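Undergrad: Dumping the structure here so I can ask a few things about it.
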Amino acid sequence: MSSLTEKDSLLEEVSATASFICYRFRFDAPKPREILRTEELSDFLYSASPDKINAEKIRKELEELKKPYLNKPVVLFDD
Numbered sequence: 001m002s003s004l005t006e007k008d009s010l011l012e013e014v015s016a017t018a019s020f021i022c023y024r025f026r027f028d029a030p031k032p033r034e035i036l037r038t039e040e041l042s043d044f045l046y047s048a049s050p051d052k053i054n055a056e057k058i059r060k061e062l063e064e065l066k067k068p069y070l071n072k073p074v075v076l077f078d079d
């Protein structure tokens, strides 16, 4: 169970995780499954009431989604 403030915080964490991942793959490559999952989490958070949200579970999942990208460099646009 979460509060409205915690729900807002989780939405920010999902966005930060998506940004972290997006900076580490080429924009012309297919979206990795981790990005698709952050989209699903975002949709869930926007549609769910705070009392239906397990914040700890979502935070753990976000950490797992970032793990494959921790040692990858930031990819900037290529000409």
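Residue 1 is where the sequence shown starts when you use full-length UniProt numbering, and the numbers rise one by one after that.
In this text, a Cβ means the ideal position worked out from N, Cα and C, and glycines have one as well.
Note that the structure is predicted; figures quoted are calculated from it, not measured.
1) Report the rounded CA-to-CA distance for V75 versus S9, giving the unit in angstroms.
2) Out of T5, L4, S15, F25, which has the shortest C-alpha to C-alpha gap to L62?
3) Quick one: which unbroken alpha helix (DSSP H) runs of 4-plus residues sit fully inside the region 27 to 61? Chain order, please.
4) Alpha carbons only, please: which of F25, L45, L70, K31 is nearest the one belonging to S2?
5) For L65, which option in I21, E12, K7 has the closest C-alpha, if you only look at C-alpha atoms?
6) For D79, which residues in the same chain have their Cβ closer than 8 Å to its Cβ, ignoring the five residues on either side in sequence?
7) Please report the residue range of the alpha helix (DSSP H) in which K72 lies.
8) Quick one: grab the DSSP three-state call for S9.
TA: According to the structure data:
1) 27 Å
2) S15
3) 33 to 47
4) L45
5) I21
6) With a pLDDT of 48 at D79, under the threshold of 50, the modelled position of this residue cannot be trusted; read the value that follows with caution. None.
7) Unbroken run through K72: none, as it is neither H nor E.
8) helix
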